[in-house]
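Written below as structure tokens is the structure these notes are about.
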Amino acid sequence: AQSVTQLGSHVSVSEGALVLLRCNYSSSVPPYLFWYVQYPNQGLQLLLKYTTGATLVKGINGFEAEFKKSETSFHLTKPSAHMSDAAEYFCAVSDLNGANNLFFGTGTRLTVIP
Amino acid sequence: ETGVTQSPTHLIKTRGQQVTLRCSSQSGHNTVSWYQQALGQGPQFIFQYYREEENGRGNFPPRFSGLQFPNYSSELNVNALELDDSALYLCASRLAGDTQYFGPGTRLLVL
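Sequence order for the protein chains is W and B.
For the first sequence, my numbering begins at 73 and goes up steadily by one.
For the second sequence, my numbering begins at 4 and goes up steadily by one.
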């Protein structure tokens with residue numbers, strides 16, 4: 073069975089500071105991993121995904137994530153936070169080589185302090 | 004913009020009523036999934052349709068049902084609404100095996 077744990081329901085950073093959002097997963101098969109962002113009153117937008125191959129994945133808006141199998145982690149980072157990064161972030165894992173549904177974490181709300 | 008649209012954007016119903024939510028998939032996508040996102044939670048998988056057949060279902064009762072049409076648009080129907088059905092309902096479309104693209108959602112309030 074697949075599941076995701078996001079540590080920290082709320083994270084606050086200063087503008088220009090490093091953003092680190094944590095995600096740990098559980099999967100009985102090689103996982104496909106995703107980060108989505110949700111702005112207020114909107115749907116989910118894909119930031120990045122890991123399928124196979126290179127473990128450091130670069131996404132949109134300067135975000136990247138590293139797949140660490142030994143730690144069952146897929147943490148999201150951005151070197152320098154921008155005010156426009158304030159949103160809800162969801163980590164998700166997919167089963168069956170990404171062919172089926174996504175299992176989401178409970179989300180992390182990122183606040184950026186000017 | 005993902006090319007996935009949903010209607011209506013907001014809806015208010017009373018307990019016991021029935022509701023139909025609609026999703027128009029991105030062009031060429033043959034698979035659609037529906038998710039329920041309760042307030043303060045991550046989305047939860049309801050079911051998935053591939054070429055008009057349901058081929059996966061999450062832990063939701065039978066009063067949650069769906070349809071997918073030949074043009075790959077789809078519906079989510081919920082009968083006998085309960086207060087706990089109040090949530091944001093998201094649909095996501097894709098080509099089978101590929102990345103899911105989400106619509107903006109329908110926010111349902113059950114009173």
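Here a beta-carbon is modelled for each residue, glycine too, at the ideal position from N, C-alpha and C.
| Asked | Found |
| --- | --- |
| Comparing C-alpha positions only, which one of W:Gly-134, W:Leu-118, W:Leu-148 and W:Gln-110 sits nearest to Thr-127 of chain W? | W:Leu-148 |
| Is the beta carbon of Leu-93 of chain B closer than 8 angstroms to that of Gly-31 of chain B? | no |
| So, does the CB of Pro-11 of chain B fall closer than 8 angstroms to a CB anywhere in chain W? | no |
| Relative to chain W, which residues along the stretch 29-42 of chain B have a C-beta separation below 7 angstroms, given in chain order? | Ser-36 |
| Quick check: the stretch 100-108 of chain B against the stretch 112-124 of chain W, are there 3 or more CB pairs under 8 angstroms? | yes |
| Going by DSSP, name the residue or residues bridged to Val-189 of chain W. | Since the first and last residues shown for chain W are 73 and 186, residue 189 of chain W lies out of range. |
| Assuming Gly-134 of chain W contacts Phe-162 of chain W (C-beta within less than 8 angstroms), just tell me the rounded distance between them. | Contact doesn't hold; Cβ gap of about 18 angstroms is too wide. |
| Out of B:Pro-64, B:Ala-90 and B:Tyr-53, point me to the one whose CA is closest to Asn-74 of chain B's CA. | B:Tyr-53 |
| Hey, could you find the ends of the beta strand (DSSP E) Val-35 of chain B is sitting in? | 34-40 |
| Cα separation between Ser-142 of chain W and Gly-61 of chain B? | 29 angstroms |
| In whole angstroms, what separates the C-alpha of Ser-36 of chain B from that of Asn-58 of chain B? | 10 angstroms |
| Report the rounded CA-to-CA distance for Val-91 of chain W versus Thr-77 of chain W, giving the unit in angstroms. | 18 angstroms |
| Measuring only between beta-carbons, confirm whether Thr-183 of chain W sits less than 8 angstroms from chain B. | no |
| Tell me, please, which residues DSSP counts as bridged to Tyr-111 of chain W. | Answer is none; Tyr-111 of chain W lacks a bridge partner. |
| Let me know if Leu-105 of chain W comes out buried or exposed under the rule of 16 or more other beta-carbons within 10 Å of its beta-carbon. | buried |
| Less than 8 angstroms between the beta carbons of Ala-153 of chain W and Ala-89 of chain W, yes or no? | yes |
| Can you tell me where the beta strand (DSSP E) with Phe-50 of chain B in it begins and where it stops? | 47-53 |
| Could you check how far apart the C-beta atoms of Ile-49 of chain B and Leu-112 of chain B are, in whole angstroms? I think they sit under 8 angstroms. | Incorrect: roughly 18 angstroms between the Cβ atoms, too far for contact. |
| Just mark Thr-124 of chain W as buried or exposed, buried being the case when its beta carbon has 16 or more other beta carbons within 10 Å. | exposed |
| Would you list the one or two residues that DSSP bridges to Ala-90 of chain B? | B:Leu-111 |
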